[in-house]
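Asker: Have a look at this one.
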Amino acid sequence: MRIQAASEVSTSPARSHPRSPASGASEPILGQAHAKAILFGEHAVVYGSPAVAIPLHALTTTAQVRPLARGTRIHSALFHGDADDAPARVQPLLEAIYSAQRHTGMTQTGVELRLDSTVPYERGLGSSAVVGVSVARAIAALAEVEMTEDETFEVAMDCERIAHGRSSGLDPRTVISQVPIRFHGGKVSPIQVGAPLVFVLADSGHAGSTAQAVGAVKASLEADPTRVSGLIDRLGELAEGSLEQLARGDGETLGAQMFEAHRLLAELGVSDVALERLVDAAQAAGATGAKLTGGGRGGCVIALARDDDYGAKLEHVLRSAGAARTWRTTVEAA
Ligand code: MEV
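For the sequence shown, my numbering begins at 449 and goes up steadily by one.
Spelled out as structure tokens, the structure:
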């Protein structure tokens with residue numbers, strides 16, 4: 449599967465699409481959101497360091513809603529049925545619905561919600577933030593309310609808190625953004641990209657729990673503050689330094705920084721055997737850079753290719769090295 453960058457996508461950007469009034473709606477009322485990948489700064493961002501992340505426009509979740517007289521019904525890959533019977537894994541989705549209802553004043557109406565997604569769960573690509581944002585957009589459309597970006601963010605954060613516990617806010621902000629961003633201290637700014645960059649994402653095939661990975665880093669920081677805060681500081685420096693390489697379109701330096709960031713994340717204890725195998729395979733095959741992306745301990749690797757043809761070869765290399773799935777995305781110059 450090929451992921452298209454924002455500028456390659458022919459349809460309009462992901463957003464809510466109210467199709468008909470809430471009363472007597474016959475056409476579906478939809479909210480859509482795309483996935484994200486972190487280029488630099490995961491984990492360090494939880495401690496206030498800067499981070500850089502890109503939207504993945506072709507991996508999307510669509511929430512389709514209709515009003516019910518009362519109650520909440522869910523249709524998703526994880527569960528079909530009434531909220532009262534929902535298992536723990538569906539609680540982040542339910543929290544997104546309830547939070548969006550609170551934000552839109554729709555607390556007296558029931559909701560039936562269907563979730564269709566191409567975003568893999570628990571692979572570091574922001575699935576819970578994508579659920580939060582798509583649900584917020586769908587329920588705002590159902591309530592015929594304009595939800596601001598900050599309100600959409602707050603709904604997604606409510607969902608994230610249930611899914612991951614402590615969240616920096618980086619994932620929801622990247623999911624809301626149509627362009628690559630720098631995220632620092634809760635603030636978002638679009639970043640300059642001097643030349644197109646082709647990235648390959650490879651799924652290790654193993655689920656990663658962001659909550660557990662964040663908890664493990666916290667425990668290491670408490671056990672060995674000097675060493676671990678040094679790693680966190682360097683991850684933040686790499687994120688900040690990457691802005692200059694991105695602006696110049698300097699893939700070689702950027703790629704070298706990705707390899708370094710991966711080594712630091714491994715030292716933080718959030719890599720695993722499958723992720724190491726994928727990064728090693730990318731490096732041996734001549735990728736410009738590669739690192740784990742997101743929470744780690746499972747999940748995905750992101751690798752930088754010198755061009756699109758090489759990106760296709762790299763996808764093949766990574767699948768041969770054990771990747772369950774691969775995708776390719778181009779971040780266009782902007
Ligand atoms: C998870 O995608 C990114 C982390 O930095 C957690 C967070 O920022 O909340 C690991």
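No residue lacks a Cβ here, since even glycine has one placed at the ideal position from N, Cα and C.
So, residue 506 versus residue 487, is the Cβ gap smaller than 9 Å?
Answerer: By one-based count along the sequence shown, residue 506 stands at place 58. By one-based count along the sequence shown, residue 487 stands at place 39. No, Cβ-Cβ distance for residue 506 and residue 487 is not below 9 Å.
Asker: Could you give the first and the last residue of the continuous beta strand (DSSP E) run that contains residue 503?
Answerer: Taking the first residue of the sequence shown as position 1, residue 503 is located at position 55. 499-516 is the span of the beta strand (DSSP E), which, as asked, contains residue 503.
Asker: With C-beta atoms as the reference, is residue 623 less than 9 Å away from residue 776?
Answerer: Against the sequence shown, residue 623 aligns to sequence position 175. Against the sequence shown, residue 776 aligns to sequence position 328. No. Outside cutoff.
Asker: By the three-class DSSP mapping on this structure, what secondary structure does residue 491 have?
Answerer: Within the sequence shown, the letter at position 43 stands for residue 491. Note: residue 491 maps to coil in three-state DSSP.
Asker: Flag residue 661 as yes when its Cβ comes closer than 8 Å to any non-hydrogen atom of the ligand NAP, and as no otherwise.
Answerer: Among the ligands modelled here, namely the ligand MEV, the ligand NAP does not occur.
Asker: Excluding the five sequence neighbours on either side, which residues of its own chain have a C-beta within less than 7 Å of the C-beta of residue 397, listed in chain order?
Answerer: This structure gives no information on residue 397, because the portion of the chain shown stretches from 449 to 782.
Asker: I'd like to confirm something about residue 583: is its beta-carbon nearer than 8 Å to some heavy atom of the ligand MEV, or not?
Answerer: Counted from its first residue, the sequence shown places residue 583 at position 135. No - the ligand MEV has no heavy atom lying nearer than 8 Å to the Cβ of residue 583.
Asker: Run through the DSSP bridge pairs and tell me what residue 638 is partnered with.
Answerer: The residue you call residue 638 lines up with position 190 of the sequence shown. In the DSSP output, where bridge partners are listed per residue, residue 638 has 629.
Asker: List the DSSP bridge partners of residue 565.
Answerer: As a first step, residue 565 is located in the sequence shown; it is residue number 117 there, counting from the start. In DSSP, residue 565 forms a bridge with 509.
Asker: Helix or strand or just coil, what does DSSP make of residue 479?
Answerer: For the purposes of this step, residue 479 is taken as residue 31 along the sequence shown, with counting starting at 1. If DSSP states are grouped into helix, strand and coil, residue 479 belongs with the strands.
Asker: Measure the beta-carbon distance from residue 745 to residue 657 and round it to whole angstroms, keeping in mind my assumption that it falls under 8 Å.
Answerer: To locate residue 745, count along the sequence shown from 1; it is residue 297. To locate residue 657, count along the sequence shown from 1; it is residue 209. Between residue 745 and residue 657, the beta carbon gap of about 7 Å places them in contact (Cβ cut-off 8 Å).
Asker: Give the C-beta separation of residue 604 and residue 595 to the nearest angstrom, bearing in mind that I take them to be a contact with Cβ-Cβ under 8 Å.
Answerer: Along the sequence shown, one-based indexing puts residue 604 at 156. Along the sequence shown, one-based indexing puts residue 595 at 147. Contact doesn't hold; Cβ gap of about 11 Å is too wide.
Asker: If the criterion is Cβ atoms closer than 9 Å, does the pair residue 538 and residue 662 meet it?
Answerer: The residue you call residue 538 lines up with position 90 of the sequence shown. The residue you call residue 662 lines up with position 214 of the sequence shown. No, these two residues do not count as a Cβ contact at 9 Å.
Asker: Find out if the Cβ-Cβ distance for the pair residue 610, residue 628 is shorter than 9 Å.
Answerer: On the sequence shown, residue 610 is found 162 positions in, with the first residue counted as 1. On the sequence shown, residue 628 is found 180 positions in, with the first residue counted as 1. Against a cut-off of 9 Å, the Cβ pair of residue 628 and residue 610 comes out as no contact.
Asker: Considering only heavy atoms of the ligand MEV, does any lie closer than 8 Å to the CB of residue 658?
Answerer: The residue you call residue 658 lines up with position 210 of the sequence shown. Yes, the ligand MEV has a heavy atom inside 8 Å of this Cβ.
Asker: For residue 558 and residue 516, what's the separation of their Cα atoms in angstroms?
Answerer: Locating residue 558 in the sequence shown gives position 110, where the first residue counts as 1. Locating residue 516 in the sequence shown gives position 68, where the first residue counts as 1. Using only the alpha carbons, I get a separation of about 4 Å.
Asker: Over the uninterrupted alpha helix (DSSP H) stretch that includes residue 795, give me the two end residues.
Answerer: With the chain running from 449 to 782 in the structure shown, residue 795 is simply not present.
Asker: Measure the alpha-carbon distance for residue 518 versus residue 528 and round it to whole angstroms.
Answerer: Reading the sequence shown from its first residue, position 70 is the one you call residue 518. Reading the sequence shown from its first residue, position 80 is the one you call residue 528. If you take the alpha carbons of residue 518 and residue 528, they lie about 17 Å apart.
Asker: Examine the Cβ distances between the segment 544-554 and the segment 613-622 and report whether three or more of them are shorter than 8 Å.
Answerer: no
Asker: What are the residues that DSSP puts in a beta bridge with residue 646?
Answerer: On the sequence shown, residue 646 is found 198 positions in, with the first residue counted as 1. The partner list for residue 646 (beta bridge, DSSP) reads 753, 778.
Asker: In this structure, what does DSSP give as the bridge partners for residue 486?
Answerer: Within the sequence shown, residue 486 is the residue found at index 38, counting from 1. In DSSP, residue 486 forms a bridge with 501.
Asker: How big is the Cα-Cα spacing for residue 570 and residue 530?
Answerer: Counting from 1 along the sequence shown, the entry for residue 570 is found at position 122. Counting from 1 along the sequence shown, the entry for residue 530 is found at position 82. For residue 570 and residue 530, the distance between alpha carbons rounds to 24 Å.
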